[in-house]
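Visitor:
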Amino acid sequence: MIVHNWKLGVLLIGALAGWKAEAAQLRDIGVIGLMSHDIFSWDNKKNENTENGRLDLSTIFDYGTGKSWEAGGNPKNCENAPVCTITMSLVGHYQEKLKTETADEARRSTVVLFQTWVKESYVRLSGLDLPTEARDEPANNVEQAALRAMHDILPGKVQLFNRPLLKDLDLTNVLFAKLQLNEDELNQEIAPFDGDYDLEYKAIKIPFSNVVVNLKEVDRKFIETYSTYKQADMLAELRSAGLGEIKVQDVFFMHHISDLVAKAFCSKDNAWMPSDLPCL
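If you count by the numbering used here, then the sequence shown holds residues 125 to 404, one letter each, in order.
1) What is the DSSP secondary structure of Gln355, counted as helix, strand or coil?
2) Starting from Gln219 and walking both ways along the beta strand (DSSP E), at which residues does that stretch end?
3) Provide the residue span of the beta strand (DSSP E) that contains Val335, from first to last.
4) Could you tell me which of Arg344, Asp400, Ala395 sits nearest to Met78, measuring between CA atoms?
5) Three or more C-beta pairs closer than 8 Å, one from the region 265-283 and one from the region 291-310: is that the case here?
6) Compute the Euclidean distance between the alpha carbons of Glu203 and Pro398, then round it to the nearest angstrom.
7) Just verifying my parser: in three-state terms, what is the DSSP assignment at Gly251?
8) Just curious, the beta strand (DSSP E) that Gly283 is in, first and last residue?
9) Could you give the DSSP three-state label for Leu293: helix, strand or coil?
10) At which residue ranges does the region 151-191 contain complete alpha helix (DSSP H) runs of 4 or more residues, listed in the order of the chain?
11) Here's a check: name, in chain order, each residue in its chain whose Cβ is nearer than 6 Å to the Cβ of Gly154, leaving out the five neighbours to either side.
12) Could you say which of Phe317, Phe332, Lys340 lies nearest to Glu324 if we only look at CA atoms?
13) Which partner residues does Ile381 have in the DSSP bridge list?
14) Keeping to the same chain, check which residues put their C-beta closer than 6 Å to that of Ile370; ignore five residues upstream and five downstream.
15) I'd like to confirm the pairing. Which residues does DSSP put opposite Ala273 in its beta bridges?
16) Looking only at its chain, what residues have a beta carbon closer than 8 Å to the beta carbon of Lys291, apart from the 5 residues adjacent to it on each side?
17) Buried or exposed for Gly216, going by 16 or more other Cβ atoms inside 10 Å?
18) Work out the CA separation of Gln312 and Met190 for me, nearest whole Å.
19) Do Ser391 and Leu271 count as a contact pair if the criterion is CB distance below 8 Å?
20) Taking Cβ to Cβ, would you say Ser250 is nearer than 8 Å to Met378?
21) With C-beta atoms as the reference, is Glu348 less than 8 Å away from Gln355?
22) With distance defined between alpha-carbon atoms, name the residue in Lys169, Asn201, Asn168, Phe376 nearest to Leu181.
23) Spatial neighbours of Gln304 within its chain, please: CB distance less than 6 Å, with the 5 preceding and 5 following residues excluded, ordered by chain position.
24) Using the Cα positions of Ala230 and Leu237, report the straight-line distance between them to the nearest angstrom.
25) Can you give me the start and stop residues for the alpha helix (DSSP H) that Val342 sits inside?
26) Helix, strand or coil: how does DSSP classify Cys390 here?
27) Is it right to say Glu172 is buried, meaning 16 or more other beta carbons lie within 10 angstroms of its own, or is it exposed?
28) Could you give the first and the last residue of the continuous alpha helix (DSSP H) run that contains Asp308?
29) Work out the CA separation of Gly157 and Glu244 for me, nearest whole Å.
30) Please report the straight-line C-alpha distance between Val336 and Leu299, rounded to a whole angstrom.
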(Lines of atoms letter the chains of each structure in order from A and count residues from 1; the text may use other names and numbers.)
(Lines give C-alpha, C1' and ligand atoms only; values in the text may rest on other atoms or scores of the structure.)
Protein backbone atom coordinates (compact mmCIF):
# COMPACT_ATOMS: atom_id res chain seq x y z
CA MET A 1 0.00 0.00 0.00
CA ILE A 2 1.76 3.18 -1.13
CA VAL A 3 0.65 5.86 1.31
CA HIS A 4 -3.04 6.59 0.71
CA ASN A 5 -4.45 10.12 0.59
CA TRP A 6 -6.59 9.40 3.63
CA LYS A 7 -3.54 8.87 5.81
CA LEU A 8 -3.47 12.59 6.66
CA GLY A 9 -7.01 12.24 7.89
CA VAL A 10 -6.02 9.32 10.08
CA LEU A 11 -3.27 11.35 11.71
CA LEU A 12 -5.62 14.29 12.28
CA ILE A 13 -8.20 12.02 13.92
CA GLY A 14 -5.48 10.54 16.09
CA ALA A 15 -4.26 13.98 17.11
CA LEU A 16 -7.77 15.11 18.07
CA ALA A 17 -8.16 11.99 20.17
CA GLY A 18 -4.84 12.62 21.94
CA TRP A 19 -3.22 9.58 20.36
CA LYS A 20 0.16 9.97 18.72
CA ALA A 21 0.74 6.98 16.48
CA GLU A 22 4.17 6.31 15.04
CA ALA A 23 3.79 5.44 11.38
CA ALA A 24 4.95 2.01 10.31
CA GLN A 25 7.91 1.81 7.96
CA LEU A 26 8.76 -0.63 5.22
CA ARG A 27 11.65 -1.92 7.34
CA ASP A 28 9.07 -3.06 9.91
CA ILE A 29 7.51 -5.32 7.27
CA GLY A 30 10.91 -6.92 6.70
CA VAL A 31 11.76 -7.28 10.39
CA ILE A 32 8.41 -8.66 11.51
CA GLY A 33 8.28 -10.88 8.44
CA LEU A 34 11.60 -12.45 9.40
CA MET A 35 10.44 -12.63 13.02
CA SER A 36 7.41 -14.66 11.94
CA HIS A 37 9.65 -17.05 10.01
CA ASP A 38 11.88 -17.45 13.06
CA ILE A 39 8.87 -18.38 15.19
CA PHE A 40 6.72 -20.33 12.72
CA SER A 41 7.44 -22.66 9.82
CA TRP A 42 4.16 -24.34 8.96
CA ASP A 43 4.26 -27.92 7.66
CA ASN A 44 1.09 -28.20 5.55
CA LYS A 45 1.29 -31.99 5.37
CA LYS A 46 1.66 -32.58 9.11
CA ASN A 47 -0.30 -29.47 10.12
CA GLU A 48 2.31 -28.47 12.66
CA ASN A 49 4.87 -25.80 13.35
CA THR A 50 8.44 -27.00 12.79
CA GLU A 51 10.17 -23.89 14.19
CA ASN A 52 11.14 -23.49 17.85
CA GLY A 53 9.19 -20.31 18.55
CA ARG A 54 12.25 -18.40 19.76
CA LEU A 55 13.98 -15.34 18.31
CA ASP A 56 17.35 -17.05 17.84
CA LEU A 57 17.63 -16.79 14.02
CA SER A 58 17.24 -20.54 13.63
CA THR A 59 15.43 -19.74 10.38
CA ILE A 60 18.79 -18.56 9.02
CA PHE A 61 21.45 -20.57 10.84
CA ASP A 62 19.72 -23.89 11.55
CA TYR A 63 17.57 -24.34 8.47
CA GLY A 64 18.05 -27.77 6.86
CA THR A 65 21.60 -28.84 7.57
CA GLY A 66 22.61 -25.39 8.73
CA LYS A 67 24.79 -24.86 5.69
CA SER A 68 22.60 -22.44 3.75
CA TRP A 69 23.00 -19.42 6.05
CA GLU A 70 25.02 -17.48 3.46
CA ALA A 71 21.93 -17.47 1.22
CA GLY A 72 19.65 -16.52 4.12
CA GLY A 73 18.71 -19.98 5.37
CA ASN A 74 15.05 -20.84 4.79
CA PRO A 75 14.18 -19.86 1.19
CA LYS A 76 11.09 -18.08 2.56
CA ASN A 77 13.45 -15.45 3.95
CA CYS A 78 14.10 -14.16 0.45
CA GLU A 79 10.65 -14.42 -1.12
CA ASN A 80 10.13 -10.66 -0.96
CA ALA A 81 12.46 -7.68 -0.93
CA PRO A 82 11.87 -6.25 2.59
CA VAL A 83 12.36 -9.58 4.37
CA CYS A 84 15.27 -10.52 2.14
CA THR A 85 16.96 -7.17 2.78
CA ILE A 86 16.71 -7.60 6.55
CA THR A 87 17.84 -11.23 6.29
CA MET A 88 20.90 -10.44 4.21
CA SER A 89 21.78 -7.46 6.42
CA LEU A 90 21.96 -9.87 9.35
CA VAL A 91 24.00 -12.34 7.29
CA GLY A 92 26.38 -9.48 6.45
CA HIS A 93 26.66 -8.55 10.12
CA TYR A 94 27.47 -12.18 10.98
CA GLN A 95 30.11 -12.37 8.26
CA GLU A 96 31.73 -9.18 9.53
CA LYS A 97 31.80 -10.49 13.10
CA LEU A 98 33.42 -13.74 11.93
CA LYS A 99 36.54 -11.75 11.10
CA THR A 100 37.28 -11.20 14.79
CA GLU A 101 34.97 -13.58 16.69
CA THR A 102 34.17 -17.28 16.87
CA ALA A 103 31.11 -18.53 14.99
CA ASP A 104 29.18 -18.85 18.26
CA GLU A 105 30.06 -15.32 19.37
CA ALA A 106 29.18 -13.95 15.93
CA ARG A 107 25.77 -15.61 15.98
CA ARG A 108 24.99 -14.30 19.46
CA SER A 109 25.91 -10.80 18.32
CA THR A 110 23.68 -11.17 15.26
CA VAL A 111 20.78 -12.38 17.39
CA VAL A 112 21.14 -9.37 19.69
CA LEU A 113 21.03 -7.04 16.67
CA PHE A 114 17.97 -8.84 15.30
CA GLN A 115 16.15 -8.66 18.62
CA THR A 116 16.89 -4.93 18.82
CA TRP A 117 15.23 -4.46 15.43
CA VAL A 118 12.28 -6.64 16.44
CA LYS A 119 11.65 -4.56 19.56
CA GLU A 120 11.59 -1.33 17.55
CA SER A 121 9.30 -2.70 14.83
CA TYR A 122 7.01 -4.47 17.29
CA VAL A 123 6.32 -1.26 19.19
CA ARG A 124 5.72 0.69 15.97
CA LEU A 125 3.33 -1.83 14.44
CA SER A 126 1.39 -2.94 17.51
CA GLY A 127 1.50 0.04 19.85
CA LEU A 128 2.14 -2.48 22.64
CA ASP A 129 4.79 -2.18 25.32
CA LEU A 130 7.75 -4.53 25.26
CA PRO A 131 7.45 -7.51 27.62
CA THR A 132 9.09 -7.11 31.02
CA GLU A 133 9.38 -10.87 31.39
CA ALA A 134 9.41 -13.76 28.96
CA ARG A 135 7.26 -16.89 29.07
CA ASP A 136 8.61 -20.41 28.80
CA GLU A 137 5.79 -21.75 26.64
CA PRO A 138 5.54 -22.84 23.01
CA ALA A 139 3.93 -20.56 20.46
CA ASN A 140 0.46 -21.77 19.50
CA ASN A 141 -1.75 -21.66 16.44
CA VAL A 142 -4.13 -19.03 17.83
CA GLU A 143 -1.14 -16.70 18.09
CA GLN A 144 -0.14 -17.62 14.57
CA ALA A 145 -3.68 -16.85 13.42
CA ALA A 146 -3.48 -13.42 15.07
CA LEU A 147 -0.16 -12.75 13.37
CA ARG A 148 -1.60 -13.76 10.01
CA ALA A 149 -4.43 -11.27 10.42
CA MET A 150 -1.78 -8.58 10.65
CA HIS A 151 -1.03 -9.27 6.97
CA ASP A 152 -3.60 -6.53 6.42
CA ILE A 153 -0.75 -4.01 6.60
CA LEU A 154 1.41 -5.66 3.94
CA PRO A 155 2.03 -3.15 1.14
CA GLY A 156 1.46 -4.49 -2.35
CA LYS A 157 3.59 -1.78 -3.96
CA VAL A 158 6.26 0.52 -2.55
CA GLN A 159 8.37 3.33 -3.88
CA LEU A 160 11.97 2.92 -4.98
CA PHE A 161 14.53 5.71 -4.64
CA ASN A 162 17.77 6.51 -6.44
CA ARG A 163 17.18 3.86 -9.10
CA PRO A 164 17.13 5.41 -12.60
CA LEU A 165 15.09 2.64 -14.22
CA LEU A 166 12.78 1.70 -11.35
CA LYS A 167 10.28 3.96 -9.58
CA ASP A 168 8.11 1.47 -7.72
CA LEU A 169 8.08 -2.21 -6.83
CA ASP A 170 5.39 -4.88 -6.67
CA LEU A 171 6.43 -6.84 -3.58
CA THR A 172 4.85 -10.04 -4.90
CA ASN A 173 6.93 -9.97 -8.11
CA VAL A 174 9.28 -12.91 -7.79
CA LEU A 175 11.75 -11.36 -10.24
CA PHE A 176 12.56 -8.68 -7.64
CA ALA A 177 12.21 -10.81 -4.51
CA LYS A 178 15.92 -10.57 -3.69
CA LEU A 179 16.29 -6.88 -4.47
CA GLN A 180 18.32 -5.26 -1.70
CA LEU A 181 16.50 -2.14 -0.60
CA ASN A 182 18.39 0.98 0.42
CA GLU A 183 17.87 3.01 3.59
CA ASP A 184 15.55 5.52 1.94
CA GLU A 185 13.36 2.68 0.72
CA LEU A 186 13.33 0.92 4.09
CA ASN A 187 12.55 4.16 5.91
CA GLN A 188 9.50 5.02 3.82
CA GLU A 189 6.21 5.10 5.67
CA ILE A 190 3.52 2.67 4.67
CA ALA A 191 -0.23 3.08 4.93
CA PRO A 192 -1.97 1.95 8.13
CA PHE A 193 -4.31 -0.99 8.46
CA ASP A 194 -7.33 -0.66 6.15
CA GLY A 195 -9.27 -3.87 6.72
CA ASP A 196 -8.29 -5.60 3.48
CA TYR A 197 -5.34 -7.13 1.65
CA ASP A 198 -3.79 -5.26 -1.25
CA LEU A 199 -4.74 -6.63 -4.65
CA GLU A 200 -1.24 -7.98 -5.28
CA TYR A 201 -1.64 -10.44 -2.39
CA LYS A 202 -4.96 -11.72 -3.68
CA ALA A 203 -3.34 -12.90 -6.91
CA ILE A 204 0.21 -14.07 -6.21
CA LYS A 205 1.58 -15.82 -9.27
CA ILE A 206 3.71 -18.89 -8.55
CA PRO A 207 6.70 -19.00 -10.93
CA PHE A 208 6.78 -21.61 -13.70
CA SER A 209 3.18 -22.68 -13.11
CA ASN A 210 -0.39 -21.58 -13.68
CA VAL A 211 -1.00 -21.43 -9.94
CA VAL A 212 -2.31 -18.17 -8.46
CA VAL A 213 -2.52 -17.85 -4.68
CA ASN A 214 -4.90 -15.61 -2.76
CA LEU A 215 -3.08 -14.93 0.53
CA LYS A 216 -6.20 -13.48 2.10
CA GLU A 217 -8.07 -16.74 1.50
CA VAL A 218 -5.13 -18.85 2.69
CA ASP A 219 -5.02 -16.84 5.91
CA ARG A 220 -8.81 -17.01 6.32
CA LYS A 221 -8.75 -20.79 6.21
CA PHE A 222 -5.94 -20.95 8.76
CA ILE A 223 -7.52 -18.38 11.10
CA GLU A 224 -10.93 -20.04 11.02
CA THR A 225 -9.47 -23.54 11.41
CA TYR A 226 -7.08 -22.89 14.28
CA SER A 227 -8.85 -20.15 16.22
CA THR A 228 -12.39 -19.17 17.18
CA TYR A 229 -12.09 -15.88 15.30
CA LYS A 230 -13.51 -14.82 11.95
CA GLN A 231 -11.08 -13.12 9.61
CA ALA A 232 -13.71 -10.55 8.62
CA ASP A 233 -14.12 -9.46 12.25
CA MET A 234 -10.36 -9.18 12.72
CA LEU A 235 -9.91 -7.10 9.59
CA ALA A 236 -12.82 -4.83 10.50
CA GLU A 237 -11.19 -4.14 13.86
CA LEU A 238 -7.85 -3.41 12.21
CA ARG A 239 -9.59 -0.98 9.87
CA SER A 240 -10.97 0.87 12.89
CA ALA A 241 -7.43 1.08 14.25
CA GLY A 242 -6.13 2.31 10.90
CA LEU A 243 -8.76 5.04 10.86
CA GLY A 244 -7.78 6.14 14.36
CA GLU A 245 -11.12 5.15 15.88
CA ILE A 246 -9.37 2.85 18.34
CA LYS A 247 -5.77 2.30 19.29
CA VAL A 248 -3.98 -0.60 17.61
CA GLN A 249 -3.07 -2.05 21.00
CA ASP A 250 -6.78 -2.20 21.86
CA VAL A 251 -7.68 -4.44 18.91
CA PHE A 252 -9.53 -7.41 20.43
CA PHE A 253 -7.00 -10.07 19.41
CA MET A 254 -3.82 -8.08 20.04
CA HIS A 255 -3.21 -9.81 23.38
CA HIS A 256 -2.27 -12.92 21.38
CA ILE A 257 0.50 -10.94 19.69
CA SER A 258 1.69 -9.78 23.10
CA ASP A 259 1.74 -13.38 24.37
CA LEU A 260 3.57 -14.56 21.27
CA VAL A 261 6.33 -11.98 21.64
CA ALA A 262 6.76 -12.71 25.35
CA LYS A 263 7.29 -16.38 24.48
CA ALA A 264 9.63 -15.58 21.58
CA PHE A 265 12.02 -13.69 23.87
CA CYS A 266 12.42 -16.59 26.30
CA SER A 267 16.12 -17.55 26.42
CA LYS A 268 15.75 -20.62 28.63
CA ASP A 269 17.85 -23.54 27.31
CA ASN A 270 18.82 -21.48 24.26
CA ALA A 271 22.51 -20.86 23.71
CA TRP A 272 22.06 -18.04 21.20
CA MET A 273 19.80 -15.59 22.99
CA PRO A 274 20.66 -12.93 25.59
CA SER A 275 19.36 -13.76 29.07
CA ASP A 276 18.65 -10.23 30.25
CA LEU A 277 14.88 -10.83 30.31
CA PRO A 278 13.64 -13.21 33.03
CA CYS A 279 11.80 -16.22 31.59
CA LEU A 280 9.10 -17.71 33.79
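Yeah, the Cβ is synthetic: ideal placement off N, Cα and C, and Gly gets one too.
Guide: For this structure:
1) The residue given as residue 355 occupies position 231 in the sequence shown. Correct three-state label for Gln355: helix.
2) Counting from 1 along the sequence shown, the entry for residue 219 is found at position 95. Unbroken run through Gln219 is the alpha helix (DSSP H), 205-221; no beta strand (DSSP E).
3) As a first step, residue 335 is located in the sequence shown; it is residue number 211 there, counting from the start. No beta strand (DSSP E) contains Val335, which DSSP labels as neither H nor E.
4) Because the chain is modelled from 125 through 404, residue 78 falls outside the range shown and cannot be assessed.
5) yes
6) Stepping through the sequence shown from its first residue, residue 203 is reached at position 79. Stepping through the sequence shown from its first residue, residue 398 is reached at position 274. So the alpha carbons of these two residues sit roughly 29 Å apart.
7) Counting from 1 along the sequence shown, the entry for residue 251 is found at position 127. Reduced to three states, the DSSP call for Gly251 is coil.
8) Counting from 1 along the sequence shown, the entry for residue 283 is found at position 159. Note on residue identity: the sequence assigns Gln, not Gly, to residue 283. 281-283 is the extent of the beta strand (DSSP E) around Gln283.
9) Within the sequence shown, residue 293 is the residue found at index 169, counting from 1. Reduced to three states, the DSSP call for Leu293 is strand.
10) 182-185
11) Here residue 154 refers to the residue found at position 30 when the sequence shown is read from its first residue. The residues are Pro206, Val207, Thr209, Ile210.
12) The residue you call residue 324 lines up with position 200 of the sequence shown. That would be Lys340, whose Cα lies nearest to the Cα of Glu324.
13) Your numbering for residue 381 matches position 257 in the sequence shown. Answer by DSSP bridge pairing: none, since Ile381 is not bridged.
14) Walking along the sequence shown from the start, residue 370 turns up at place 246. Same-chain partners within the cutoff: Ser364.
15) Locating residue 273 in the sequence shown gives position 149, counting from the first residue. Paired residues: none, contrary to the question.
16) Counting from 1 along the sequence shown, the entry for residue 291 is found at position 167. Cβ within range, chain order: Gln283, Leu284.
17) Residue 216 sits at position 92 when you count from the first residue of the sequence shown. Exposed is the call here.
18) Here residue 190 corresponds to residue number 66 of the sequence shown, with the count starting at 1. Here residue 312 corresponds to residue number 188 of the sequence shown, with the count starting at 1. In the sequence on display, residue 190 carries Gly and not Met. So the two alpha carbons sit approximately 33 Å from each other.
19) Mapped onto the sequence shown, residue 271 falls at position 147. Mapped onto the sequence shown, residue 391 falls at position 267. For Leu271 and Ser391, no; Cβs fall outside 8 Å.
20) Numbered from 1 along the sequence shown, position 126 holds the residue referred to as residue 250. Numbered from 1 along the sequence shown, position 254 holds the residue referred to as residue 378. Taking 8 Å as the Cβ cut-off, Ser250 and Met378 qualify as a contacting pair.
21) Position 224 of the sequence shown, counted from the start, is the residue given in the question as residue 348. Position 231 of the sequence shown, counted from the start, is the residue given in the question as residue 355. Yes. Within cutoff.
22) Against the sequence shown, residue 181 aligns to sequence position 57. If we check each option's Cα against that of Leu181, Asn201 comes out closest.
23) The count along the sequence shown starts at 1 and reaches residue 304 at position 180. Answer for Gln304: Thr209, listed in chain order.
24) Position 106 of the sequence shown, counting from 1, holds the residue named residue 230. Position 113 of the sequence shown, counting from 1, holds the residue named residue 237. Cα-Cα distance, rounded: 11 Å.
25) Taking the sequence shown and counting its residues from 1, one reaches residue 342 at position 218. Residues 339-350.
26) Residue mapping note: residue 390 aligns to position 266 of the sequence shown, counting from 1. Cys390 falls in the coil class under three-state DSSP.
27) On the sequence shown, position 48 is the one that residue 172 refers to. When all chains shown are included, Glu172 counts as exposed.
28) Taking the first residue of the sequence shown as 1, we reach residue 308 at position 184. Unbroken alpha helix (DSSP H) run through Asp308: 307-311.
29) Residue mapping note: residue 244 aligns to position 120 of the sequence shown, counting from 1. Residue mapping note: residue 157 aligns to position 33 of the sequence shown, counting from 1. One C-alpha to the other measures close to 14 Å.
30) Working through the sequence shown from its first residue, we reach residue 336 at position 212. Working through the sequence shown from its first residue, we reach residue 299 at position 175. In a straight line, the C-alpha of Val336 is about 16 Å away from that of Leu299.
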